[in-house]
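S.K.: Got a structure for you, written out below as structure tokens; questions coming shortly.
2 protein chains.
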Amino acid sequence: MKATTECIPCYLKQAHSAITAIISDEAEVDRLMKRIVPHLSGTRLQLTPAENSTVILKQVNKLLNTDDPFYRQKRQCNRVALQWEGELDSYMGRSSDRLKTAIKLSVVGNVIDLGIKERVDIKASFEAIFADGFVLDDSYRLIERVQEGRKKILFIGDNAGEIVFDKVLVRELIRCENEVVYVVKGGPILNDALIEDAREVEMDRLCRVIDTGSDWVGVVEKYSSPEFMRAYREADIIVSKGQGNYETLTEMNRKVFHILKAKCDVVARALGVRRGEMVCQLE
Amino acid sequence: MKATTECIPCYLKQAHSAITAIISDEAEVDRLMKRIVPHLSGTRLQLTPAENSTVILKQVNKLLNTDDPFYRQKRQCNRVALQWEGELDSYMGRSSDRLKTAIKLSVVGNVIDLGIKERVDIKASFEAIFADGFVLDDSYRLIERVQEGRKKILFIGDNAGEIVFDKVLVRELIRCENEVVYVVKGGPILNDALIEDAREVEMDRLCRVIDTGSDWVGVVEKYSSPEFMRAYREADIIVSKGQGNYETLTEMNRKVFHILKAKCDVVARALGVRRGEMVCQLE
Chain Z
260 MKATTECIPC YLKQAHSAIT AIISDEAEVD RLMKRIVPHL SGTRLQLTPA
310 ENSTVILKQV NKLLNTDDPF YRQKRQCNRV ALQWEGELDS YMGRSSDRLK
360 TAIKLSVVGN VIDLGIKERV DIKASFEAIF ADGFVLDDSY RLIERVQEGR
410 KKILFIGDNA GEIVFDKVLV RELIRCENEV VYVVKGGPIL NDALIEDARE
460 VEMDRLCRVI DTGSDWVGVV EKYSSPEFMR AYREADIIVS KGQGNYETLT
510 EMNRKVFHIL KAKCDVVARA LGVRRGEMVC QLE
Chain A
260 MKATTECIPC YLKQAHSAIT AIISDEAEVD RLMKRIVPHL SGTRLQLTPA
310 ENSTVILKQV NKLLNTDDPF YRQKRQCNRV ALQWEGELDS YMGRSSDRLK
360 TAIKLSVVGN VIDLGIKERV DIKASFEAIF ADGFVLDDSY RLIERVQEGR
410 KKILFIGDNA GEIVFDKVLV RELIRCENEV VYVVKGGPIL NDALIEDARE
460 VEMDRLCRVI DTGSDWVGVV EKYSSPEFMR AYREADIIVS KGQGNYETLT
510 EMNRKVFHIL KAKCDVVARA LGVRRGEMVC QLE
């Protein structure tokens, strides 16, 4: 999908998140924000929101003189998410429809995102997805295909923390005798999971983990590694988590199962849902 | 209260609202947004968010060559809100605590704001305030003082549309034998109500309506008219609706009953509540 003018304030909001992830002095944050502001003029509606964000965030990194402002937050996200593993297991234990439950648990992971501060939010997200379900629900198609077994599944992950919630689904996909490759980013961008995160939560013990070869939000073909592109082309089924991957994969040429919560009006409109709603959509 | 760096993306968001209120071509919106972007560098943390917004919105008006981009939206807001008058009367008819109910109905008006598109949202807001009530609730103090009667009450209104919901409360204040002066803005800014709106919804038939003498968001003393400042000083009780008035009145020297829904994290933090929560606070 393409960016809209509505996205422009949001690029600045993301810049603010990155700056305040490591700087707390308001006067200094203000100074840095005002150095980022001129870069907004370089954003382009022909690109995806994810690509425009990346361009701005790379400018922020330059200013901050770091390549990973979210490093500490990611450690914290993984730590908090790992504390939920017992709860995840107990949901799975009570479930009569394990694949469906695992898909739902995976979207709970997407809800937590950077806001991983309060246990109560995660709890509320569990309740929401089990009460309301998916507004767009192609999960039965995913389940159908996965149950046939012997598929190559490319699972494109999103954030640190969230990756823990994906483990449950990855485990179920493997249990149905599929081969799963889990994808993280090739370099730090926002709070997106890296190989380090995959190791930290032991995703690499479950399946092969590769990266996009790129530190861009989502998946941008021209910046992706040949290894990733090969896995992308050879996969029988592609599962994608989160908005950044949705924004960019919809510009590429394969059908993908998108599992996400619509966190902004622009993505919600593209999906035909309302902000805050959760989807498992084949597009 | 003072602005924070978190407000800066929001100024741009408000600029986007103003631009798209009258321009639909995305390329043109993009061009105008990029002409507004440099003005963000002029925002100052020493000012209130409302003042910074006003400065940016005035630049938008210059670019758009209009003094009231929200003119049509305001007409629409009043029209939709007037359709709810029957519902408001029926809430009042069923109420055993008329003043408390009227205060609650008035905050429902604050919820609708610019998003006055779907009836269902207003309905949900009615349900929320009657189910959850105010998170900060000094309404009993307001009720106590109001019931003594013979008070001069200055009621500082907020948006078009919302003003219809305030009529119910104004009527109750008068029924308790108080004298009410209702305040609108002195010139167009955002979707804030003007004298024209007060007439359109017949607020002027209930009580005296004056304006701030200013087209700034909220109440900024140095731009306010002597008439308004006299009414402000002479009032026994001041009731204020909405965030803009909260942001600015907290910089002045009188205790005010603030009735609002916290629509952003910055104001929510200042109030000590969470975004989305509703308050009737004496500060």
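Quick note, the sequences are listed as chains Z and A, same order.
Here the numbering used here runs 259 ahead of the position in the first sequence, where the first position is 1.
Here the numbering used here runs 259 ahead of the position in the second sequence, where the first position is 1.
Glycine included, each C-beta is placed from N, C-alpha and C at the ideal position.
1) Assuming D474 of chain Z contacts K444 of chain Z (C-beta within less than 8 Å), just tell me the rounded distance between them.
2) What span of residues does the alpha helix (DSSP H) with M351 of chain A cover, start to end?
3) With I511 of chain Z and E542 of chain Z assumed to form a contact (beta carbons below 8 Å), what rounded beta-carbon distance in angstroms separates them?
4) Please state whether the Cβ-Cβ distance between T313 of chain A and I448 of chain A is less than 8 Å.
5) If you count every other CB in all the chains shown that lies within 10 Å of the CB of G408 of chain A, and 16 or more means buried, which is it?
6) Under a CB-based cut-off of 8 Å, is I267 of chain A close to chain Z?
7) Which bits of chain A does T264 of chain Z rub up against, with CB to CB less than 7 Å?
8) Grab me the residues of G374 of chain Z's own chain with a C-beta within less than 8 Å of its C-beta, minus the 5 sequence neighbours each way, in chain order.
9) Ignore the nearest five residues each way along the sequence and tell me which others in R357 of chain A's own chain have a CB closer than 7 Å to its CB.
10) Using a Cβ-Cβ cut-off of 8 Å, state whether V296 of chain Z counts as contacting chain A.
11) Expressed to the nearest angstrom, what Euclidean distance is found between the alpha-carbon atoms of L299 of chain A and V525 of chain A?
12) List the whole-angstrom C-beta distance separating V296 of chain Z from V319 of chain A, where the pair is believed to meet the contact cut-off of C-beta under 8 Å.
13) Please classify L299 of chain Z: does DSSP put it in a helix, a strand, or coil?
14) Under 8 Å between C-beta atoms, does S300 of chain A make it to chain Z?
15) Could you tell me which of A:N418, A:I433 and A:P485 sits nearest to I518 of chain A, measuring between CA atoms?
16) Just the C-alpha distance for G416 of chain A and R400 of chain Z, rounded to the nearest angstrom, thanks.
17) When DSSP builds the beta bridges, which residues end up paired with S499 of chain A?
18) With contact counted as at least three CB pairs below 8 Å, one residue from each stretch, are the stretch 279-294 of chain Z and the stretch 284-291 of chain A in contact?
19) Among A:N504, A:E459, A:A274 and A:K333, which has the Cα closest to the Cα of C371 of chain A?
20) Using alpha carbons as the reference points, say which of A:V538, A:E536, A:C523 and A:C539 lies closest to I267 of chain A.
21) For K272 of chain A, return the contacting residues in chain Z, with the cut-off set at a CB-CB distance below 7 Å.
22) Taking only three categories from DSSP, how would you classify M488 of chain A?
23) L465 of chain A by DSSP, collapsed to three states: which one?
24) In chain order, what residues of the same chain lie with their CB nearer than 7 Å to the CB of E377 of chain A, ignoring the 5 residues before and after it?
25) Residues of chain Z with a CB under 9 Å from the CB of L395 of chain A: which are they?
26) Would you mind giving the Cβ-Cβ distance between V468 of chain Z and I497 of chain Z, rounded to the nearest angstrom? I have them listed as a contact below 8 Å.
27) Quick one: list the residues of chain Z neighbouring L304 of chain A, beta-carbon separation under 9 Å, in chain order.
28) Starting from Y482 of chain A, follow the beta strand (DSSP E) in both directions and report where the run begins and ends.
29) Pull up the distance between the alpha-carbon of K317 of chain Z and that of A277 of chain A, whole angstroms please.
30) Between which two residues does the alpha helix (DSSP H) holding Q318 of chain A run?
31) Should K363 of chain A be flagged as near chain B, meaning a C-beta pair shorter than 8 Å?
32) Looking at E438 of chain Z and I412 of chain Z, is the spacing between their C-beta atoms short of 8 Å?
33) Considering Cα atoms alone, identify which of A:D451, A:D396 and A:Q406 is closest to I422 of chain A.
34) Can you round the beta-carbon distance between G503 of chain A and V476 of chain A to whole angstroms, since I take them to be within the 8 Å contact cut?
35) Using DSSP with H/G/I as helix, E/B as strand and the rest coil, what is V288 of chain A?
36) Note down, in chain order, each residue of its chain lying with its Cβ closer than 6 Å to the Cβ of K363 of chain Z, except the 5 sequence neighbours on either side.
M.R.: Answer, in terms of the structure:
1) Translated into the one-based positions of the first sequence, residue 474 of chain Z becomes position 215. Translated into the one-based positions of the first sequence, residue 444 of chain Z becomes position 185. Confirmed, about 6 Å.
2) The count along the second sequence starts at 1 and reaches residue 351 of chain A at position 92. Boundaries of the alpha helix (DSSP H) harbouring M351 of chain A: E344 to R353, taken from the DSSP string.
3) Here residue 511 of chain Z corresponds to residue number 252 of the first sequence, with the count starting at 1. Here residue 542 of chain Z corresponds to residue number 283 of the first sequence, with the count starting at 1. Note that residue 511 of chain Z is Met in the sequence shown here, rather than Ile. The Cβ separation is near 11 Å, so there is no contact.
4) As a position in the second sequence, residue 313 of chain A is number 54, starting the count at 1. As a position in the second sequence, residue 448 of chain A is number 189, starting the count at 1. Yes.
5) As a working note, residue 408 of chain A is residue 149 in the second sequence. Flag for G408 of chain A reads exposed.
6) Here residue 267 of chain A is taken as the residue at index 8 of the second sequence, counted from 1. With 8 Å as the cut-off, I267 of chain A counts as an interface residue toward chain Z.
7) As a first step, residue 264 of chain Z is located in the first sequence; it is residue number 5 there, counting from the start. For T264 of chain Z, the chain A residues whose Cβ falls inside 7 Å of its Cβ are H275, E285, V288, D289 and M292, in order along the chain.
8) Position 115 of the first sequence, counted from the first residue, corresponds to residue 374 of chain Z. Here the model assigns G374 of chain Z a pLDDT of 47, short of 50, so the residue's position is not dependable and the matter cannot be decided.
9) Taking the second sequence and counting its residues from 1, the one referred to as residue 357 of chain A is at position 98. Result list for R357 of chain A: M351 and E431, in chain order.
10) The count along the first sequence starts at 1 and reaches residue 296 of chain Z at position 37. Output row for V296 of chain Z: interface = yes.
11) Your numbering for residue 299 of chain A matches position 40 in the second sequence. Your numbering for residue 525 of chain A matches position 266 in the second sequence. Cα-Cα distance, rounded: 18 Å.
12) For the purposes of this step, residue 296 of chain Z is identified with residue 37 of the first sequence, where counting begins at 1. For the purposes of this step, residue 319 of chain A is identified with residue 60 of the second sequence, where counting begins at 1. In this structure V296 of chain Z does not touch V319 of chain A by the C-beta definition: roughly 16 Å separates them, more than the 8 Å allowed.
13) Position 40 of the first sequence, counting from 1, holds the residue named residue 299 of chain Z. Here L299 of chain Z sits in helix by DSSP.
14) The residue you call residue 300 of chain A lines up with position 41 of the second sequence. For S300 of chain A, the answer is yes, since a Cβ of chain Z falls inside 8 Å of its Cβ.
15) On the second sequence, residue 518 of chain A is found 259 positions in, with the first residue counted as 1. Looking only at A:N418, A:I433 and A:P485, the smallest Cα-Cα distance to I518 of chain A is reached by A:N418.
16) Taking the first residue of the second sequence as position 1, residue 416 of chain A is located at position 157. Taking the first residue of the first sequence as position 1, residue 400 of chain Z is located at position 141. In a straight line, the C-alpha of G416 of chain A is about 53 Å away from that of R400 of chain Z.
17) The sequence position of residue 499 of chain A within the second sequence is 240, counting from 1. By DSSP's assignment, S499 of chain A forms a beta bridge with A:I415 and A:H517.
18) By the Cβ rule, the stretch 279-294 of chain Z does not count as touching the stretch 284-291 of chain A, because fewer than three pairs are nearer than 8 Å.
19) Your numbering for residue 371 of chain A matches position 112 in the second sequence. A quick correction: the sequence has Ile, not Cys, at residue 371 of chain A. Here the closest residue by C-alpha is A:K333.
20) On the second sequence, position 8 is the one that residue 267 of chain A refers to. Comparing C-alpha distances from I267 of chain A to each of A:V538, A:E536, A:C523 and A:C539 shows the shortest one belongs to A:C523.
21) As a first step, residue 272 of chain A must be located in the second sequence, where it is residue number 13. Here the neighbours are P268.
22) Locating residue 488 of chain A in the second sequence gives position 229, where the first residue counts as 1. Helix at M488 of chain A.
23) Residue 465 of chain A sits at position 206 when you count from the first residue of the second sequence. Residue state, collapsed to three classes: coil.
24) The residue you call residue 377 of chain A lines up with position 118 of the second sequence. In this prediction, E377 of chain A scores a pLDDT of 49, lower than 50, which makes its location untrustworthy; no coordinate-derived value is stated.
25) Counting from 1 along the second sequence, the entry for residue 395 of chain A is found at position 136. Within 9 Å Cβ-Cβ: nothing; L395 of chain A doesn't reach chain Z, min ~20 Å.
26) Position 209 of the first sequence, counted from the start, is the residue given in the question as residue 468 of chain Z. Position 238 of the first sequence, counted from the start, is the residue given in the question as residue 497 of chain Z. Rounded to the nearest angstrom, the Cβ distance from V468 of chain Z to I497 of chain Z is 16 Å, too far for a contact under 8 Å.
27) As a working mapping, residue 304 of chain A is identified with position 45 in the second sequence. Around L304 of chain A, the beta-carbon contacts reaching into chain Z at under 9 Å are E285, A286 and D289.
28) Locating residue 482 of chain A in the second sequence gives position 223, counting from the first residue. Element bounds for Y482 of chain A: n/a, residue is neither H nor E.
29) Taking the first sequence and counting its residues from 1, the one referred to as residue 317 of chain Z is at position 58. Taking the second sequence and counting its residues from 1, the one referred to as residue 277 of chain A is at position 18. Roughly 30 Å between the two C-alpha positions.
30) The residue labelled residue 318 of chain A in the question sits at position 59 within the second sequence. Where Q318 of chain A is concerned, the enclosing alpha helix (DSSP H) stretches over P308 to L323.
31) Going by chain labels, chain B is absent from the structure shown, which instead holds the protein chains Z and A.
32) Numbered from its first residue, the first sequence carries residue 412 of chain Z at position 153. Numbered from its first residue, the first sequence carries residue 438 of chain Z at position 179. A contact, by the Cβ cut-off of 8 Å.
33) Reading the second sequence from its first residue, position 163 is the one you call residue 422 of chain A. The candidate whose alpha carbon is nearest that of I422 of chain A is A:D451.
34) Counting from one through the second sequence, the residue named residue 503 of chain A turns up at place 244. Counting from one through the second sequence, the residue named residue 476 of chain A turns up at place 217. The C-beta distance from G503 of chain A to V476 of chain A rounds to 4 Å, short enough to meet the 8 Å contact threshold.
35) Position 29 of the second sequence holds residue 288 of chain A. In the structure shown, V288 of chain A adopts helical secondary structure according to DSSP, grouped into three states.
36) Locating residue 363 of chain Z in the first sequence gives position 104, counting from the first residue. Within the same chain, K363 of chain Z has close Cβ partners I388.
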